[in-house]
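*Asks:* Below you'll find the structure I mean.
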Amino acid sequence: MSAADLSCADLRTQSAALAARQVSSVELTRAALARIEAHADLGAFLHVDAEGALQAAQAADAARAAGDTRPLLGVPVAHKDVFVTRNMPSTAGSRMLAGYVSPFDATVVARLGAGADDFAGADMVTLGKTNMDEFAMGSSNENSAYKPVRNPWDSAAIPGGSSGGSAAAVAARLVAAATGTDTGGSIRQPAAMCGITGIKPTYGLCSRFGMIAFASSLDQAGPMAQTAWDCAALLTAMTGFDPRDATSVQRPVPDYVAALGEPLPGATAAKPLAGLRIGLPSEYFGEGLAAEVEATVRAALRELERLGAKLVDVSLPLTQLSIPAYYIIAPAEASSNLSRFDGVRFGHRAAQYKDLAEMYGRSRAEGFGPEVKRRIMIGAYVLSHGYYDAYYLQAQKIRRLIADDFARAFTQCDVIAGPVSPTVAWNLGDKADPLANYLADIYTLSASLAGLPGMSVPAGFGAGINARRPVGLQLIGPHFAEERLLQVAHQYQQVTDWHQRSPV
C-alpha cells in the first residue's frame, strides 16, 4: 500500500504500517499535507504547520530506527484550535485571538505529542489546528470567525459543531485522528453528522489545562477518529491526572485498547454482548426525531440485539429541561471566562479609543462574533443581582435532578443508547435562528450536564435527498464507563462497515 493510500487509512492501520516499516512517518506526513492542501475548500483547517510536522516526522522515524515501539509514534494528528500550542496560532476560531501563539502546549497536545517536563508524550506528528465554532459556541461550525466548514459527504451541508473542523478532517481522510472538545455535544454531534467515531469522556478524565475555556464545569476533551479502536488508543494517551487542572480526576489510566478484547460477563464468541442491558429512553424516540434518523438508529439497535444485548425501556423524564438548564449554565460560565479578553494583556485591541472603558468596549465588540456576544449577554443577565436565584440557581438544581435521572436509569441498564441528533446535517444557512440550533442538542446536553461519558458511532445514512448524510448511534454510560462504551462500539464495528465508508 502506498503512502498516499495509507494516509487515508485508519489510525490502527497507519500504526501497524509504521511498525512494520512499510512506510515512514515522513512519507505519511507528506501525503497527509498534500491531501489537506487538495481539500482546502472544506475549510477544515485554520492553520497547517508543514515545516514543524515534517521535522517531528523525521524525529519519529529516527526514534523508530533506534528501537522505539510506541504505537502512536509518528502517526499524524490534528488538534482543535481550542487547545493552545507553542508553535502555532491558537485562536479558538475567534478574531479576538487572531495571531495569538501560546508560550506552552495544552496538556492534551503535550500528551499526544512530545510530552512535558513531568510526563512523556506519544510523539504523534501534529499537522495543524482545525476549524471550530468561535470559542466552541455552536452546533454547525458556521460561527467560526474565519470560514465555515463544509461536510465532506455533501458540501452544501454543515459538519456539525463545534468540533466540525476535526470531524470533517477525519471524515475526508485528511488525517486519521483529531482532538475535539465536548461541552454540550460538540464531539458527538459532528462525529455523527460526518460519519466518524467520537467519544466524550467522563468530566475530569482528560485535562483541561491549556484548553481555552467556554464553560468550565462542562468542557471536556476527547478523541475523534474512524473507529472505536482508534479512539481507544488516543484516549489511553490523552488521559491522566494533571495537577495543573483543578478538575482533573486522580485515578489509574486504563489501557483502553487492551480492554476492547476483554469479554463482557456472560459473553460468548457468537454473542459478544450477551448479558449487556441497553436502555432506550422513551424521551429519545418521541416527537421531533426525524423518521430517517429513527429508522437508522433502530436498525443499529437490532444489530446490537443480534450480538446478544438486551434492549430495555428506561425513562429520562427531565430530558426536555436539559436545553433551558444548559443555556443558562453554559452562558453564565462563558460570560465569566471570556471577561479576560479585554484588549489589555493579549488578544485583539481596538485601534482607536479615548479612554480605558472605550478600549474595553470597542475591543470586545470588534473581537467577538454575534453568537459569543449573545451568550455573554445571557450569562451576564442570569448572574446579575436579582436574577441569580431565579435562573442560575434553579438551572443548577435541574442539573442535579438530571444526573439523578441517569443514576436511576443505570440501575436498570448498563448502557443507554439512542440518536445523537434529531436530524441529519442541515444545509449551511438553514438554521439562522439561534434557537433552532440550540434544539439540535436535545439528545446530547443531558449527558454533559451529568458529566457522563458518551460517544457517537457511525450507524448509517439518511433517506432520499439525505442519502449521503450520515447518522450516528449515541452510547452513554455511567461515570468512568469508557471501557464499556468502547467495547460495545468495537463489537458493533466488527459486524458493520459504516465506519469504513468514506466520502472521498
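Be aware that the sequence shown starts at 1, since it is given in UniProt numbering, and climbs by one per residue. The beta-carbon is built from N, C-alpha and C at its ideal position, and this holds for glycine as well.
#1: Just the C-alpha distance for residue 186 and residue 351, rounded to the nearest angstrom, thanks.
#2: Measuring only the C-alpha atoms, how far is residue 9 from residue 497?
#3: Check the DSSP bridge columns for residue 310 and list the partner residues they point to.
#4: Within its chain, find whatever has a CB closer than 7 Å to the CB of residue 87; leave out the 5 residues flanking it on each side and keep chain order.
#5: Are residue 17 and residue 6 touching if we call contact CB-CB under 8 Å?
#6: In the DSSP output, which residue or residues are listed as bridge partners for residue 182?
#7: Consult DSSP for residue 154 and reduce its assignment to one of helix, strand or coil.
#8: At a cut of 8 Å, does the segment 28 to 47 reach the segment 164 to 173 through at least three beta carbon pairs?
#9: Going by DSSP in three states, residue 193 sits in which element: helix, strand or coil?
#10: Taking CB distances under 8 Å as the criterion, tell me whether residue 231 reaches chain D.
#11: Residues bridged to residue 416 by DSSP?
#12: Based on the DSSP secondary-structure assignment, which residues constitute the bridge partners of residue 271?
#13: Can you tell me whether residue 250 is buried or exposed, with buried defined as 16 or more other CB within 10 angstroms of its CB?
#14: What is the DSSP secondary structure of residue 356, counted as helix, strand or coil?
#15: Is the beta carbon of residue 189 closer than 8 Å to that of residue 421?
#16: Below 7 Å CB to CB, which residues in the same chain sit around residue 381 once its five sequence neighbours on both sides are set aside?
#17: Run through the segment 230 to 269 for me and flag every whole alpha helix (DSSP H) of 4 or more residues, listed as ranges in chain order.
#18: May I have the straight-line CA-CA distance separating residue 192 from residue 401, to the nearest angstrom?
#19: In angstroms with no decimal places, state the Cα-to-Cα distance between residue 36 and residue 239.
#20: Can you give me the C-alpha to C-alpha distance between residue 125 and residue 448, rounded to a whole angstrom?
#21: Using three-state DSSP, classify residue 431 as helix, strand or coil.
#22: Which residue or residues does DSSP assign as beta-bridge partners of residue 47?
#23: Mapping the DSSP letters down to three states, classify residue 424 as helix, strand or coil.
#24: Tell me the rounded alpha-carbon separation between residue 1 and residue 117.
#25: In or out: residue 155 buried (at least 16 other Cβ within 10 Å) or exposed?
#26: Quick check on residue 361: does DSSP put it in helix, strand or coil?
#27: According to DSSP, which residues form a beta bridge with residue 124?
#28: On the criterion of 16 or more Cβ atoms from any shown chain inside 10 Å, does residue 67 qualify as buried, or is it exposed?
*Replies:* The relevant details are as follows:
#1: Residue 186 and residue 351 have their alpha carbons spaced roughly 34 Å apart.
#2: Taking the straight line from one Cα to the other gives about 14 Å.
#3: As a beta-bridge residue in DSSP terms, residue 310 pairs with 277.
#4: Cβ-Cβ distances below 7 Å link residue 87 to 49, 52 in the same chain, with the five nearest sequence neighbours on each side left out; the list follows chain order.
#5: Residue 6 is positioned such that its CB atom lies closer than 8 Å to that of residue 17.
#6: Bridge partners of residue 182 according to DSSP: 220.
#7: Residue 154: strand per DSSP, three-state reduction.
#8: Using a C-beta cut-off of 8 Å, the segment 28 to 47 makes contact with the segment 164 to 173, since at least three inter-stretch Cβ pairs fall below that distance.
#9: The three-state reading of DSSP puts residue 193 in helix, counting H, G and I together.
#10: Among the chains of the structure shown, chain D does not appear; only one protein chain is present.
#11: Looking at the DSSP output, residue 416 bridges to 279, 476.
#12: DSSP, once it has assigned bridges, lists no residue as partnering residue 271.
#13: So residue 250 ends up on the exposed side.
#14: Residue state, collapsed to three classes: helix.
#15: Yes.
#16: Excluding sequence neighbours, residue 381 sits near 387.
#17: The segment 230 to 269 contains these whole alpha helix (DSSP H) runs: 256 to 260.
#18: In this structure, the alpha-carbon of residue 192 lies about 27 Å from that of residue 401.
#19: One C-alpha to the other measures close to 28 Å.
#20: Rounded to whole angstroms, the gap between the alpha carbons of residue 125 and residue 448 is 30 Å.
#21: Assigned with DSSP and collapsed to three states, residue 431 falls in coil, not helix or strand.
#22: Residue 47 pairs with 129.
#23: When DSSP states are grouped into helix, strand and coil, residue 424 belongs to the coil group.
#24: Distance from the CA of residue 1 to the CA of residue 117, rounded to the nearest whole angstrom, comes to 38 Å.
#25: Classification of residue 155: exposed, given that the 10 Å Cβ count is below 16.
#26: In the displayed model, residue 361 falls within a helix according to three-state DSSP.
#27: Beta-bridge partners assigned by DSSP to residue 124: none are found.
#28: Around the beta carbon of residue 67, fewer than 16 other beta carbons lie within 10 angstroms, which makes this residue exposed.
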